[in-house]
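Numbering (this note's numbering), first residue to last: 5 to 118.
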């Protein structure tokens with residue numbers, strides 16, 4: 005028993021872009037899932053905009069700490085907004101997926117009872 009033969013037997017090809025595209029197109033999103041995707045896109049853009057608006061101070065003047073000479077993009081604020089947006093979006097998307105699963109179970113139960 006050769007290890008490389010076992011690897012060759014269990015090796016699978018990566019899915020093609022066309023097969024992924026058709027699989028995603030066949031999936032029907034409900035309102036909650038569409039809302040979650042839209043919310044993530046908004047939070048992504050909002051993180052970039054707020055990271056630029058609330059910039060951090062790179063260097064201060066030598067005599068006074070109140071004045072900022074050079075400002076930099078606020079990466080930490082951007083990452084916090086992205087993380088919170090991702091978590092909220094995943095939570096809403098999961099609720100939508102649970103609703104889809106429960107409706108499929110309900111359809112199967114109604115079909116069996118008739």
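All residues carry an ideal CB built from backbone N, CA and C; glycine is no exception.
Leaving out five residues on either side along the sequence, give the residues of the same chain with a beta carbon under 6 Å from the beta carbon of residue 32.
Position 28 of the chain shown, counted from the start, is the residue given in the question as residue 32. Excluding residues within five positions, none has a Cβ falling inside 6 Å.
State the start and end residues of the unbroken alpha helix (DSSP H) segment that holds residue 87.
Working through the chain shown from its first residue, we reach residue 87 at position 83. Unbroken alpha helix (DSSP H) run through residue 87: 79-117.
So, is residue 40 buried or exposed, given that buried needs 16 or more other C-beta atoms within 10 angstroms?
Taking the chain shown and counting its residues from 1, the one referred to as residue 40 is at position 36. By the neighbour-count rule (16 or more Cβ atoms within 10 Å), residue 40 is buried.
What is the residue span of the alpha helix (DSSP H) that residue 26 lies within?
Residue numbering aside, residue 26 sits at position 22 when the chain shown is read from its first letter. 21-30 is the span of the alpha helix (DSSP H), which, as asked, contains residue 26.
Given a cut-off of 8 Å, decide if residue 50 and residue 85 are closer than it, judged by their beta-carbon atoms.
The sequence position of residue 85 within the chain shown is 81, counting from 1. The sequence position of residue 50 within the chain shown is 46, counting from 1. Against a cut-off of 8 Å, the Cβ pair of residue 50 and residue 85 comes out as a contact.
Going straight from the alpha carbon of residue 80 to that of residue 93, what length do you get?
Within the chain shown, numbered from 1, the residue matching residue 80 stands at position 76. Within the chain shown, numbered from 1, the residue matching residue 93 stands at position 89. Distance between the alpha carbons of residue 80 and residue 93: 20 Å.
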